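Here the structure comes first, spelled out in structure tokens, and everything after it is commentary.
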Amino acid sequence: MVPSFLYCLYNYLAFVNLSLFDPTTYFIFLQLRVLLIGVIYQCLFKKELSKMQWCSLILLTIGCIIKELKIDVNLRQQSYNYFTSLLLILTQILCSCLAGVYNEYLLKKGQGAKVNVYLQNIYMYVDSIICNLFVWTIFKINENNKSSTSQTDIFKSYLVMLIVINSAVYGVITSLLLQTLNSIMKVFATAIELVLIVIFSWVLLGYPITLQTVTAVMIVSCSVVLYAKHPIAKNTLPINDNKNIIHS
Numbered sequence: 300m301v302p303s304f305l306y307c308l309y310n311y312l313a314f315v316n317l318s319l320f321d322p323t324t325y326f327i328f329l330q331l332r333v334l335l336i337g338v339i340y341q342c343l344f345k346k347e348l349s350k351m352q353w354c355s356l357i358l359l360t361i362g363c364i365i366k367e368l369k370i371d372v373n374l375r376q377q378s379y380n381y382f383t384s385l386l387l388i389l390t391q392i393l394c395s396c397l398a399g400v401y402n403e404y405l406l407k408k409g410q411g412a413k414v415n416v417y418l419q420n421i422y423m424y425v426d427s428i429i430c431n432l433f434v435w436t437i438f439k440i441n442e443n444n445k446s447s448t449s450q451t452d453i454f455k456s457y458l459v460m461l462i463v464i465n466s467a468v469y470g471v472i473t474s475l476l477l478q479t480l481n482s483i484m485k486v487f488a489t490a491i492e493l494v495l496i497v498i499f500s501w502v503l504l505g506y507p508i509t510l511q512t513v514t515a516v517m518i519v520s521c522s523v524v525l526y527a528k529h530p531i532a533k534n535t536l537p538i539n540d541n542k543n544i545i546h547s
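For the sequence shown, the positions run 300 to 547 when this note's numbering is used.
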């Protein structure tokens, strides 16, 4: 239940923050999770990251920031002040990190490791539905809001349904990866995704690849190689297996 609620809150805050920040600023702030997830992973799994591992995380963060160096710090809406908006996006980052590492713990620890991954996903999505209904009840939009669109009309759009299906597939693939990879490697996969997006944007959409882009690709690639040469030991779970440290 806990990972489901964290993911639910993360998704909700994603829409809120995208309405407050321009995409570049939003993306740069999200890269803070690279360092934060290393700290959470170290604390939860009682495994210290080496200096080389920290260097690789820092390199990855620098590479992502260089890619989007031109920041427009002006908020799209002035209804929130800057510090409130910053607090919202930091909360979103924290939810992402905690949910990813927490979910990995549940997938690899105790009885959770013996349950079929697809059954685990069923449990996760049922919990997510409950959490979303709870959040929707709390943050329900007033009927006299700016938009006159009915709340049921949104499901008539095929684009909305494609987003829902894509998110569901993404969740299943993520759970499969977490059984074999740790959460930090998942973050690196996100960085590699950035590189692929840059390439496909150039090939398909004609966006130029600038010196900033090339520099970012080189730094991110070096960070991946550096991390691959100094992986975290496979047995990273807490030594005491008899205590249920985390309950969902």
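Don't be surprised by glycine CBs; every beta carbon is placed ideally from N, CA and C. Since we're looking at a predicted model, the values are computed, not measured.
Between which two residues does the alpha helix (DSSP H) holding residue i run?
i: Leu-305; result: 301 to 319
Just to confirm, is the Cβ distance from residue i to residue j under 8 Å?
i: Ala-488; j: Cys-363; result: no
i: Leu-312; j: Leu-387; result: yes
i: Arg-332; j: Ile-392; result: yes
i: Leu-525; j: Met-351; result: yes
i: Val-519; j: Val-497; result: no
i: Ser-395; j: Phe-320; result: no
i: Asp-426; j: Ser-318; result: no
i: Leu-348; j: Cys-521; result: no
i: Ala-398; j: Tyr-309; result: yes
i: Ile-365; j: Gln-511; result: yes
i: Trp-501; j: Ile-491; result: no
My understanding is that residue i touches residue j, with C-beta atoms under 8 Å, so please give their C-beta distance in whole angstroms.
i: Leu-305; j: Tyr-401; result: 7 Å
i: Asn-431; j: Cys-307; result: 5 Å
Measure from the C-beta of residue i to each C-beta in chain B and report whether the shortest distance is under 8 Å.
i: Ser-303; result: This model lacks chain B altogether; it includes just one protein chain.
Next on the checklist: Three Cβ pairs or more, each shorter than 8 Å: is that satisfied between the stretch 332 to 352 and the stretch 455 to 468?
Outcome noted: no
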